[in-house]
Every structure is written in structure tokens, then in C-alpha cells.
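Heads up: the structure comes next, in C-alpha cells.
Numbering (UniProt numbering), first residue to last: 1 to 630.
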């Protein structure tokens with residue numbers, strides 16, 4: 001960093017995610033019967049002080065009076081604050097260490113806990129300006145050093161005057177007291193830091209509202225680690241993605257917008273223009289038309305198992321990596337399948353409806369145990385295989401059919417044809433993917449080949465079963481019952497009506513696509529999908545991508561990483577290496593993988609690159625997308 005630039009950084013809610021005195025209150029007030037009331041009072045006083053509606057000295061006096069804290073509790077506070085350093089400061093630790101001479105912490109907090117925290121980031125003790133606690137003889141905090149200018153109103157501005165820094169001064173903070181430095185004419189710019197908290201009265205005074213430290217460094221051409229500030233990556237999440245997923249993406253520093261329902265094609269075409277990451281579930285269709293409007297999209301996360309609602313081929317052509325959650329809701333779907341098999345074979349659904357209509361029908365007719373019955377599983381993937389194990393443990397004889405060779409688990413028996421499976425089994429459970437070839441996989445002809453009195457369960461995809469044929473089979477008595485969780489046409493949200501020919505049929509269980517809708521499954525998905533997307537954005541790792549060549553990359557250290565996505569044509573790798581050789585750039589490591597459509601090349605280099613070299617790499621014929629990491 002040039003010596004002419006100095007950064008004045010606030011501590012509470014800027015360097016750390018929290019207000020330190022709030023956390024000290026949680027420690028000091030443990031066991032106090034009025035702890036919740038007092039903690040809320042501390043937070044309210046803090047907010048008033050930060051917004052400028054209460055003088056700082058008044059807010060400090062009032063908070064310390066409530067806290068009744070001790071010197072011994074400061075150690076616990078330091079331990080807690082170390083876990084609460086702001087994410088973007090953690091990401092830029094190397095920058096802070098390298099430029100410690102020109103970074104100053106000016107805070108209305110207290111040196112007692114600030115110095116141990118910022119010291120781990122290389123910031124010098126003499127560059128920390130903050131308040132001092134006053135302790136009595138037994139270590140109780142009884143006051144603060146009232147001579148310290150930072151204990152007084154407009155104390156930060158007064159402190160900056162005393163420090164007498166030269167050069168350009170940039171202030172980074174979340175509070176009104178940080179703005180006062182600029183207002184006093186002592187700083188060139190005030191960056192309102194909103195990674196942890198947004199105070200409208202503060203942001204309205206800012207030269208720039210910054211979502212993270214990454215963005216501030218990027219604006220000032222100081223960001224050596226990240227080629228693009230994460231705060232400029234816009235994320236659009238549709239269809240009530242679980243809050244865990246939302247928070248993970250926000251914590252990463254992205255701008256996240258959440259929409260509760262699915263969007264129509266036209267709505268999404270308009271909305272997606274400036275979106276870098278799109279998160280959807282099963283109801284949103286990402287079509288070719290949508291993707292043609294996605295000028296900045298780099299990744300799509302399907303917060304579900306299926307990806308047939310996404311035009312994967314066009315995503316490949318545009319260099320957009322798609323990730324899903326192939327394992328996260330497996331257990332939930334399997335448990336539902338087991339439950340529905342039992343319900344169908346005992347006719348629980350109709351019995352329950354009759355009871356609600358005051359009808360008492362105590363009869364064993366048409367009611368069977370599942371033990372000893374033959375279960376046929378179509379699709380022996382993650383869900384089908386786990387269903388196989390659980391069903392066998394409950395006494396069922398398991399048979400399966402899959403177009404791909406799969407190893408049988410337990411005592412399951414693989415059958416060579418779909419027709420053989422259908423004619424053999426008492427219950428058929430569908431667990432195939434959404435590829436076009438599977439449309440009407442179970443049609444009138446296949447249903448007629450099922451045993452008379454058999455049951456059909458579909459928890460896979462709506463278009464896999466021919467609905468009119470299923471209806472006819474139930475009404476004719478050829479099938480004794482069915483359970484359907486997925487439909488060819490589904491409502492886009494909970495306010496739209498559900499329409500189906502299956503409504504009102506006997507021993508027919510209809511559920512609103514909830515096979516994976518358990519708290520556990522949604523939490524698993526919400527952690528897995530953002531993790532894969534962030535890993536791809538940060539490292540280029542494509543492991544588990546459904547449309548990109550899968551590469552699991554080593555950790556990058558002391559190098560730059562160049563990511564080149566191109567059409568799978570002969571000679572592209574040679575051209576990449578020729579460009580690097582022309583610009584005398586040495587290769588530390590290189591990784592290449594292709595599929596039938598695209599090639600994915602990762603090149604780690606140890607030398608700083610020039611703009612001319614980057615433009616030459618982008619100009620290689622067949623290039624789809626090029627990115628630089630670090």
C-alpha cells in the first residue's frame with residue numbers, strides 16, 4: 001500500500017461482527033434474573049449512541065453502569081471476540097499484516113480487549129487508540145479514563161488531530177462517530193461499513209457504502225488476494241430457500257436477494273440480468289431464453305436433487321456451473337416411501353377419511369403386512385439403494401431395475417428388464433431422474449404389466465407416469481392404490497390451486513412434492529449447495545457439478561489461479577500454454593478435464609500477470625469464459 005494512504009478502522013461492528021460491550025454483558029450478567037431486560041437496554045443504548053441520538057459519553061456511562069463487569073471477565077470476552085472477527089477482515093488478514101504501518105484502530109471501545117484481537121492481524125499496539133477501563137482494588141470495572149479524548153463526545157476527531165497523520169486518510173466504520181472524523185475535515189473519505197449492521201443515519205452520510213473490506217480494497221486498487229469484491233456478487237434465491245443457505249451466502253459477503261416464490265420465464269429474464277449466482281428449487285424453469293439474458297451468471301444452485309428444470313446444455317455453452325444436492329434429502333425421501341407403502345397396503349388413507357366423515361369401517365379386507373411382500377425399485381441410485389436396505393430390514397423382498405449396472409445391497413436382486421420387475425413385484429417404487437427419456441416411462445402398457453392388486457409409488461418426477469393411465473388402473477381395480485408426490489404440472493406457489501385427474505380416487509395418497517421437505521433435509525441442502533458454489537467461486541473447484549467436468553483442486557498458496565472454460569476442441573491447452581510461454585509466465589500446476597461439450601483448464605502461476613497476457617488468453621478461439629483467482 002502506498003505510504004500516502006492511511007486507514008482508520010473502527011472496532012465494534014466493523015473489525016468484529018458485534019459490539020463488544022453487548023458480549024461483555026452476556027458474560028457479566030449470567031445468572032442475573034433480569035439479564036434479558038438489561039441486555040436489551042445495553043443494545044438500545046449502543047444503537048442510540050451509534051446513530052448520534054445519544055452523546056457517546058452518556059451511552060458509555062449508562063452501559064457500564066448496567067454491566068457491572070470485572071477484569072477477570074475480560075479474558076472470556078477476548079475469547080468470544082476472536083470467534084467474531086468480521087469475515088472480510090479474516091479473508092484479508094494477509095493485507096492487514098503486510099500494511100500494518102498504515103492501519104490504525106480508532107475506537108470508542110477499550111484497549112483491554114481490542115489490542116489482543118487486532119494484534120493477531122499484525123496491527124501494532126501503538127496504532128490502537130481506544131478507551132481505558134478503571135478498576136477498583138478487587139478488579140471490578142468502576143469507571144473509564146475520563147481524560148482520554150475517546151471517552152468524550154467527538155473524541156475520534158480529536159484523537160485523529162493528535163495522531164497528526166499525513167497523506168490521504170480513509171475512515172472505515174459503522175457508526176456516527178466514524179462519520180464525525182470526515183465531518184471534521186480530518187479524512188478524505190468515509191466508508192460506511194455494512195457487513196454486520198446497516199445504520200441508515202450513518203450510511204446517508206457516507207462517501208461510499210461498503211458491504212465488506214474486499215470492496216473497499218478493490219475500489220482503491222489494493223485487493224491483491226481477490227480479483228473481484230464479493231460484495232459485488234449478486235445472488236438471487238427463489239422458492240423459499242432455507243435461511244441457513246441465505247445466511248451462509250450473506251456471510252461470504254455476497255449481495256443476497258430472496259424471493260419466496262418461483263418466477264415465470266419473463267420475470268426471470270428481467271431479474272437475472274445482473275445476477276452472478278442463482279439459487280432455485282424445483283418449480284423455477286431456467287430456460288435457454290432466461291440464460292440468454294444472464295449476462296453475469298457464473299453458477300446456479302439447485303436446492304434439490306433434480307436439475308431437469310435447468311437447461312444444462314445452454315449452461316455449459318455459456319460457462320455456467322450448476323450444482324445440486326444429490327444426497328442431502330435421501331433419508332427423508334426414503335422414509336416417506338416406506339411410510340406410503342405401509343399406508344397403501346393397510347388402506348390407512350381411506351380409513352382415516354371415512355373416520356373424519358363419522359364412518360366406522362373396522363375390517364381387515366384389503367389390508368396387508370409389508371413383510372414378505374416383493375418391492376420393486378426402479379432406479380437404484382442414492383435413494384433407491386437406501387430404500388432397498390430399509391425395506392429389506394422390515395422384511396420385504398427387494399428387486400430392482402436400473403439402466404446402469406449397480407451393485408446390489410444386502411439381499412436385493414437385480415432384474416434384467418423393466419417388464420420382469422413390473423410383473424414380479426407387489427409394490428413398485430419409482431426413483432429415476434428427470435431426463436427426457438424417462439417421460440411416460442410408466443405408461444398404460446407398463447401399468448397393465450404390473451400384477452393385479454399391486455401398488456405404485458412415485459416420488460421421482462411428475463412426467464415419469466402417464467396420469468390418465470394411472471387413473472384408469474385405479475378405477476378399474478387393476479392397481480389397489482398409488483401414492484404420488486410429483487406431478488407433470490405443479491403450482492408455482494402455495495396460493496395457486498392444485499389440479500389433477502387423481503383427485504378423489506380410492507386409496508390414492510397425493511402429497512405436494514414434499515418428499516425432501518423435512519427440516520433435516522432442507523438444512524442439509526442449505527449447507528451443501530452454497531458450500532459447493534462458494535468453493536467454485538473461490539477456488540475453481542467443480543467437484544459435484546452436474547454439467548462441468550469434475551475437478552477437485554489442491555489448496556492454492558502463493559500463486560495466482562487462472563480458470564479457462566472453452567469449447568472441447570483440439571489444441572486449446574497448447575494455445576493456453578503458448579500464451580503463458582510468450583509472456584514468460586511459469587506454470588506451478590495445471591489441471592485439465594473435459595466432457596463431450598467443454599474443456600475446463602486450471603493453471604496456477606507464480607508470477608504476476610499482465611493485462612496483455614490476460615487479453616491474449618481470453619482471445620484464444622473457443623474460449624467461453626475466463627476468470628482469475630487471487
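C-beta atoms are modelled at their ideal positions from N, C-alpha and C, and glycine is treated no differently.
Assuming residue i and residue j are in contact, meaning their beta carbons sit under 8 Å apart, how far apart are those beta carbons, in whole angstroms?
| i | j | result |
| --- | --- | --- |
| residue 529 | residue 321 | Residue 529 to residue 321, Cβ: 12 Å. No contact. |
| residue 19 | residue 46 | 5 Å |
| residue 180 | residue 156 | 6 Å |
| residue 432 | residue 441 | 7 Å |
| residue 113 | residue 8 | Going by Cβ atoms, the distance from residue 113 to residue 8 rounds to 19 Å, so no, they are not a contact pair. |
| residue 602 | residue 561 | 6 Å |
| residue 169 | residue 183 | Contact doesn't hold; Cβ gap of about 13 Å is too wide. |
| residue 459 | residue 333 | 6 Å |
| residue 604 | residue 574 | That pair is no contact at about 18 Å. |
| residue 330 | residue 382 | 5 Å |
| residue 553 | residue 540 | 6 Å |
| residue 388 | residue 410 | 7 Å |
| residue 564 | residue 598 | Not really, about 10 Å apart at Cβ, beyond 8 Å. |
Using DSSP with H/G/I as helix, E/B as strand and the rest coil, what is residue i?
| i | result |
| --- | --- |
| residue 483 | strand |
| residue 612 | helix |
| residue 267 | helix |
| residue 625 | strand |
| residue 308 | coil |
| residue 490 | coil |
| residue 463 | helix |
| residue 257 | strand |
| residue 142 | strand |
| residue 274 | helix |
| residue 445 | helix |
| residue 235 | strand |
| residue 619 | coil |
| residue 1 | Model confidence at residue 1 stands at a pLDDT of 41, short of 50, so the residue's coordinates are unreliable; what they give is reported in the following sentence. Coil, per DSSP. |
| residue 430 | strand |
| residue 419 | helix |
| residue 438 | helix |
| residue 319 | coil |
Could you check whether residue j and residue i sit closer than 7 Å to each other, using their CB atoms as the reference points?
| i | j | result |
| --- | --- | --- |
| residue 532 | residue 323 | yes |
| residue 133 | residue 106 | no |
| residue 85 | residue 16 | yes |
| residue 421 | residue 399 | yes |
| residue 96 | residue 121 | yes |
| residue 378 | residue 345 | no |
| residue 167 | residue 289 | no |
| residue 634 | residue 131 | Given that the chain is displayed from residue 1 to residue 630, the structure contains no residue 634 and the question cannot be resolved. |
| residue 475 | residue 456 | no |
| residue 13 | residue 153 | no |
| residue 25 | residue 176 | no |
| residue 338 | residue 407 | no |
| residue 278 | residue 300 | yes |
| residue 624 | residue 372 | no |
| residue 426 | residue 385 | no |
| residue 230 | residue 254 | yes |
| residue 261 | residue 577 | no |
| residue 234 | residue 276 | yes |
| residue 212 | residue 88 | yes |
Tell me the residue span of the alpha helix (DSSP H) that contains residue i.
| i | result |
| --- | --- |
| residue 349 | 348-356 |
| residue 216 | 213-219 |
| residue 536 | 519-539 |
| residue 91 | 87-91 |
| residue 600 | Unbroken run through residue 600 is the beta strand (DSSP E), 598-605; no alpha helix (DSSP H). |
| residue 397 | Per DSSP, residue 397 belongs to no alpha helix (DSSP H); it is in the beta strand (DSSP E), 397-401. |
| residue 65 | 56-67 |
What are the boundary residues of the beta strand (DSSP E) that residue i is part of?
| i | result |
| --- | --- |
| residue 159 | No beta strand (DSSP E) holds residue 159; the alpha helix (DSSP H) holding it covers 155-163. |
For residue i, I'd like the list of residues in its chain whose CB is within less than 8 Å of its CB, leaving aside the five on either flank, ordered along the chain.
| i | result |
| --- | --- |
| residue 489 | 462 and 499 |
| residue 509 | 340, 343, 344, 349, 481, 482, 483 and 484 |
| residue 295 | 273 and 274 |
| residue 497 | 491 |
| residue 596 | 568 |
Check whether chain C comes within 7 Å of residue i, counting only Cβ atoms and requiring the distance to be less than that.
| i | result |
| --- | --- |
| residue 97 | Protein chains in the displayed structure number just one, and chain C is not present. |
Are there any heavy atoms of the ligand ATP lying less than 6 Å away from the beta-carbon of residue i, as far as the coordinates show?
| i | result |
| --- | --- |
| residue 419 | In the structure on display, the ligand ATP does not appear, and there are no ligands present to speak of. |
Within a Cβ cutoff of 7 Å, which residues of the same chain sit near residue i, ignoring the five residues on either side of it in sequence?
| i | result |
| --- | --- |
| residue 244 | 523, 526 and 527 |
| residue 49 | 56 and 59 |
| residue 569 | 622 |
| residue 246 | 237, 256 and 258 |
Ignore the nearest five residues each way along the sequence and tell me which others in residue i's own chain have a CB closer than 6 Å to its CB.
| i | result |
| --- | --- |
| residue 178 | 10 and 171 |
| residue 315 | 322 and 547 |
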